[in-house]
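Student:
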Amino acid sequence: MIGHEGSIHSIVLDPQSKGCITSSEDGSVRFWDIRKSSQTAIIEPYKHQQLSNRDGSKWIAAIATDTCSNWMACGGGSGLSIWHLQSRTLTAPCDSINSCVRDIVFHDGNFISVGDNYSVTHSAINGEVTATVPTSSSPNFAIQINQNFTSKPV
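Per this note's numbering: the sequence shown = residues 10 to 163.
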């Protein structure tokens, strides 16, 4: 995967396109055709006007897609943003999450993120924060869904 100019922080497989999506220290999200070992598209969130007024950090630590591969959330030094995958367009800048995001998962219609804000945050696809669960520590580096525990999987 030649193309990133910094360390790769996250790799997500995309079953729809039979490819993968990567995020990097260089601030880019890149789309790859793994059958041909070639890059097919690039998004650079820090270049979007709606996101450029944040703290200036451009690195992307985490990416996640919904189960249908319609939506992608990416987060890093400047917070969280949600993208429409087919058109590669920004749909929600998630202005209420303005601290560093370190990990994201998709669960039950929400993107769930953790990072430097002493909480686990649930965000809808439109960027609206639907729940915030306080944590006793910060930063929080990872979150996983426990598929074997159905009553409280997060």
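Don't be surprised by glycine CBs; every beta carbon is placed ideally from N, CA and C.
Measure from the alpha carbon of residue 10 to the alpha carbon of each residue in 79, 26, 38, then state which is nearest.
Tutor: Minimum Cα distance to residue 10 is reached at 38.
Student: Is it buried or exposed for residue 143, if we count other Cβ within 10 angstroms and need 16 for buried?
Tutor: Burial call: exposed.
Student: What whole-angstrom Cβ distance do residue 113 and residue 82 have, given they're in contact under 8 Å?
Tutor: At roughly 5 Å, the Cβ-Cβ gap stays under 8 Å, so residue 113 and residue 82 are in contact.
Student: By the 10 Å Cβ neighbour count, where 16 or more other Cβ atoms means buried, how is residue 97 classified, buried or exposed?
Tutor: That one is exposed.
Student: Runs of 3 residues minimum, wholly inside the segment 55-120: which ones carry the beta strand (DSSP E) assignment?
Tutor: 69-74, 80-85, 88-93, 98-101, 110-116, all fully within the segment 55-120.
Student: Among 71, 135, 101, 90, which residue has its Cα nearest to the Cα of residue 153?
Tutor: Checked all of 71, 135, 101, 90; the closest Cα to residue 153 is 71.
Student: For residue 136, I'd like the list of residues in its chain whose CB is within less than 7 Å of its CB, leaving aside the five on either flank, ordered along the chain.
Tutor: Only 91, 101, 102, 103 meet the Cβ criterion.
Student: Within 10 angstroms of the Cβ of residue 94, are there 16 or more other Cβ atoms? Answer buried if so, exposed if not.
Tutor: It counts as buried.
Student: Which residue's Cα is closest to the Cα of residue 3: 129, 66, 107?
Tutor: The question about residue 3 has no answer, for the chain in this structure spans 10 to 163.
Student: Would you report the Cα separation of residue 151 and residue 123, rounded to the nearest angstrom?
Tutor: Between residue 151 and residue 123, the C-alpha separation is close to 7 Å.
Student: Name the DSSP bridge partner or partners of residue 35?
Tutor: None, per the DSSP bridge assignment.
Student: Check the DSSP bridge columns for residue 42 and list the partner residues they point to.
Tutor: Bridge partners of residue 42: 28, 47.
Student: Among 46, 16, 131, which has the Cα closest to the Cα of residue 32?
Tutor: With distances taken between Cα atoms, residue 32 lies closest to 16.
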